[in-house]
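Converting from the sequence shown to the working numbering requires adding 494 to each position, the first position being numbered 1.
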Amino acid sequence: MRLSSSTLARVRPPIGLPAYNRELARIGVVHFGPGAFHRAHQAWYFDRMLSRRPDMAVCAVSLRTPDVRDALTPQDGLYTLVEKDAAPALQVVGSILQVVVAPEDPALVFRRLLEARYVTATVTEKGYCLTTEGELDLEHPDIRRDLRRREHPLSLIGWIAEGLSRRRRHDLPAFTTISCDNLSDNGLKLRRAVVRFCEARGDRELARWIESEAPFPSSMVDSITPATDAALRQQVRAALGLEDAWPIQRERFVQWVVEDQLGADAELFREAGVTVASAVAPFERAKLRLLNGAHSTLAYAGLGMGCETVFDAMNHPRLAGFVEAMMREDIAASLHAPELDLPDYVTRILARFRNPAIVHKLSQIAWDGSQKLRFRLLETITEALADGRPIGRLVVGVAAWMRFVAHQARAGGVIVDPLAEVLTGIGRECDGGKDDVGRFLALPEVFPAALAADEAFRTAVTQAYVGLGSDPDRVLAS
Ligand code: CS2
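This is the structure we're talking about:
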């Protein structure tokens, strides 16, 4: 028997249940990209909001694949969220009322976009189609295609632009768009990309309307969400006595900081546990650079040393100390966050990495390195260079990424990355020596031109790259 509205009554405390009448809930949010992170994070916050107001339910839109729709529709959108901690907590989340696969029913998505007050997105870094300078990439194949065919967009940018265009035509106020991806200044970048898109399709009036009427608050999201595995499915089946096609797991810690462009709804968000802040950048930089920067460094260096999970990497005799020093000294020096106690923030992140209840695969974090490095390490390195601070430790994650790519390419392993083909080509030519580094630095999709040309950067990455091959312990002792 499967989890659904008709079997929900069989689920008993202590498993949490929607604390509201789902039959009265109405869609107020269109979410693009209903992957595990959305279901672990924003959908959970909206679930909390629904117990105060019935109009915050979610229509989840997959831009491409049907798998989430296929798993959740027979369950009436219900799924189980497990908080992994010393004592795990299970909860059935009910905020997703509908899942739509966009290419199958674009008219329905547009209808929802006319009704919704919020549009949220977790489409990962690559879903924004940006250049390394953070501007919309007009040469991106999806953007070129969306500029020609308005009725059937492929990209998040195309959907938002056309959705806002229809709102304007119907004399409706703009919806509020909240980016929930790990990009610095995500709201600003998304807004600029949408405006640029409208200009490129010759719609200047719409571009001006969006600039003056459409809120794009920046937001910082945080919760460690390992991919669903067999152990989780088994745990949920045993606890519920029902089949759930796609349960989700995350750590107990969860944080969402949203820029205060929420008008009268700010209180509703606050009551659900969201931090509504006048400036999100300090939170966002701190989280991206400290947590995600450390994660990527642990992933690439750890995989090179035979570790499988973040927990393993944190038990490596040299790696954990290295990453802690990098966070406390090099990354913290790049942050200006008076609202945060940085030493304490670092201590808490390290404790989260050491959570024995979380099995977080380094290979999952290693995905999409070409897109992630910029926000996690390269921006920190660029600022350190400009301010004359050391970069020796900061470049280790970058060099380890190059070694990871070279290793995967030569061993015929998987590289999950939008640049996979190019990276495999480069990786196959690598021999582990210092000449490899230039091949990677020549990738304009990854390294901004000025950084790639910086001699101090090139030298430091090369040293780390060669050192990781010959004597990794020495690199980590530095
Ligand atoms: C991780 C993030 O997979 C990754 O790249 O660094 O998903 C990380 O777990 C989250 O950002 C934590 O909030």
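By construction, the Cβ of each residue, glycine as well, lies at the ideal position given by its N, Cα and C atoms.
Asked	Found
Helix, strand or coil at A615 according to DSSP, with G and I counted as helix	strand
Range covered by the alpha helix (DSSP H) that runs through D838	L836 to F847
Given R848 as reference, the closest of T501, N809 and M820 once Cα atoms are compared	N809
Within 7 Å, strictly: CB atoms of A581 and L544	no
For M714, the three-state DSSP class (helix, strand or coil)	strand
From M799, I704 and A905, residue whose alpha carbon lies closest to that of A969	The displayed chain sequence assigns Val, not Ala, to residue 969. Among M799, I704 and A905, the Cα nearest to that of V969 belongs to M799.
Residues whose Cβ lies closer than 5 Å to any heavy atom of the ligand CS2, in chain order	D716, I718, N786, H789 and I859
Closest by C-alpha distance to S712, when choosing among E737, Q729 and P776	P776
Whole-angstrom distance between R897 and T918, CA atom to CA atom	12 Å
Proximity winner among R516, F531 and P560, relative to R542 (alpha-carbon distances)	R516
Member of T614, E707 and W703 whose CA lies at the smallest distance from the CA of V523	T614
Extent of the continuous beta strand (DSSP E) run through R744	I742 to E745
CB-CB length for L650 against F526, believed under 8 Å	5 Å
Integer-rounded CB distance, given that V748 should sit under 8 Å from D535	In the sequence as presented, Asp is not what sits at residue 535; that position holds His. About 6 Å; that satisfies the 8 Å criterion.
R533 versus T953: straight-line alpha-carbon distance, rounded	43 Å
C-beta atoms of A708 and A655 nearer than 7 Å	no
Stretch-stretch touch, CB-based, cutoff 8 Å, three pairs: the region 601 to 619 with the region 560 to 576	no
Status (buried if at least 16 other CB within 10 Å, exposed otherwise) for G681	buried
Sub-7 Å separation of V955 and V908 beta-carbons	no
R870 vs G796 beta-carbon contact at 7 Å	no
Y514 (DSSP reduced to helix, strand or coil)	coil
Beta-carbon gap between T973 and A530 smaller than 7 Å	Nothing about residue 973 can be reported from this structure: the residues present for the chain run from 495 to 972 only.
Proximity below 7 Å, CB of S864 to CB of D930	no
Touch test, the region 690 to 709 against the region 655 to 666, Cβ-Cβ under 8 Å, three pairs minimum	yes
Residues of its chain near R727, where Cβ-Cβ distance is below 8 Å and the 5 sequence neighbours each way are ignored	D738 and P741
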